[in-house]
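S.K.: Quick one: the structure is below, and I'll ask about it shortly.
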Amino acid sequence: MIRPILHAPDARLAEVCAPVETLPDGLIEDMFETMYAAHGRGLAAPQIGVMLRLFITDVGWTEGQMQPIVMINPVIEWVSEAQSVFEEACLSIPDFSRKLARPAQARFRWTDLAGAEHVAELDGIDATCAQHEMDHLDGRLITDHPQAQGEAHA
Ligand code: ZN
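Residue 68 in this note's numbering sits at position 68 of the sequence shown, with consecutive numbering throughout.
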């Protein structure tokens, strides 16, 4: 079921989300359906008004390479000093994008749908996308970051 996506300045987008204890039935399926319908590459639960610490990403699907990832209760354990700049958009801020500098690499720890724990060092668009979605769990949007100088990646 496609759920309505909240748009800024909805106050829920500025809230810090609570850890997931019990995953609501059908939530993940609805999130993927909603994200794909909106042509997004990432969606955090608070963007559909579910104030829990989880997000999904699929950075390759628009190029025909499906890579769906579900991160439940994610934490960032480490980030690189090196930064990279991407032009970021957000499903909660239609018709807007902003160049942001973020750590080029980030190590995430999270739980998957089956309850298994994962640790992975992400880089490139994977790192940027996961950090963007992580921001949503702490009530931060791309408009809360300063615009980056310099050339952006794709
Ligand atoms: Zn966003």
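A virtual CB, placed ideally from N, CA and C, is assigned to each residue, including glycine.
1. Give the straight-line distance between the Cα atoms of P146 and P9, rounded to the nearest whole angstrom.
2. Does the Cβ-Cβ distance between E88 and T62 come in under 8 angstroms?
3. Using only alpha-carbon positions, find the residue among M51, I125 and V59 that is nearest to L100.
4. So, does the CB of F86 fall closer than 8 angstroms to a CB anywhere in chain D?
5. Under the criterion of a Cβ to heavy atom distance below 7 angstroms, does C90 qualify as lining ligand 2?
6. Cβ of H136 versus every heavy atom of ligand 1: is any distance shorter than 7 angstroms?
7. First and last residue of the beta strand (DSSP E) that includes D95?
8. Based on DSSP bridge pairs, tell me the residues matched to A44.
9. In the DSSP assignment, the alpha helix (DSSP H) including L137 goes from what residue to what residue?
10. With DSSP collapsed to three states, give me the class of A120.
11. Whether or not the region 64-83 and the region 100-110 are in contact is what I'm after, with contact meaning three or more pairs of Cβ atoms, one per stretch, closer than 8 angstroms; do they touch?
12. Kindly indicate which three-state DSSP category A18 falls into: helix, strand or coil?
13. By how many angstroms is the C-alpha of T143 removed from the C-alpha of S97?
14. How big is the Cα-Cα spacing for L138 and I48?
M.R.: In this structure, then:
1. Position 146 of the sequence shown, counted from the start, is the residue given in the question as residue 146. Position 9 of the sequence shown, counted from the start, is the residue given in the question as residue 9. The straight-line gap from Cα to Cα measures roughly 18 angstroms.
2. Counted from its first residue, the sequence shown places residue 88 at position 88. Counted from its first residue, the sequence shown places residue 62 at position 62. It is not a contact, given that the beta carbons lie outside the stated cut-off.
3. The residue you call residue 100 lines up with position 100 of the sequence shown. Looking at M51, I125 and V59, the one whose alpha-carbon comes closest to that of L100 is I125.
4. As a matter of chain content, chain D is missing from the structure shown, which is built from one protein chain.
5. Absent from the structure shown: ligand 2. Ligands present: ligand 1.
6. Here residue 136 refers to the residue found at position 136 when the sequence shown is read from its first residue. At least one heavy atom of ligand 1 is nearer than 7 angstroms to the Cβ of H136, so yes.
7. Taking the sequence shown and counting its residues from 1, the one referred to as residue 95 is at position 95. Segment I93 to P103, the beta strand (DSSP E) holding D95.
8. For the purposes of this step, residue 44 is identified with residue 44 of the sequence shown, where counting begins at 1. Answer is F55, bridged to A44.
9. The residue labelled residue 137 in the question sits at position 137 within the sequence shown. Counting along the chain, the alpha helix (DSSP H) containing L137 begins and ends at G124 to L137.
10. On the sequence shown, residue 120 is found 120 positions in, with the first residue counted as 1. The three-state reading of DSSP puts A120 in strand, counting E and B together.
11. The region 100-110 vs the region 64-83: in contact.
12. Here residue 18 corresponds to residue number 18 of the sequence shown, with the count starting at 1. If DSSP states are grouped into helix, strand and coil, A18 belongs with the strands.
13. For the purposes of this step, residue 97 is identified with residue 97 of the sequence shown, where counting begins at 1. For the purposes of this step, residue 143 is identified with residue 143 of the sequence shown, where counting begins at 1. It is roughly 9 angstroms from the alpha-carbon of S97 to the alpha-carbon of T143.
14. Here residue 138 refers to the residue found at position 138 of the sequence shown. Here residue 48 refers to the residue found at position 48 of the sequence shown. For the record, residue 138 in the displayed sequence is Asp; it is not Leu. Cα to Cα, D138 sits roughly 15 angstroms from I48.
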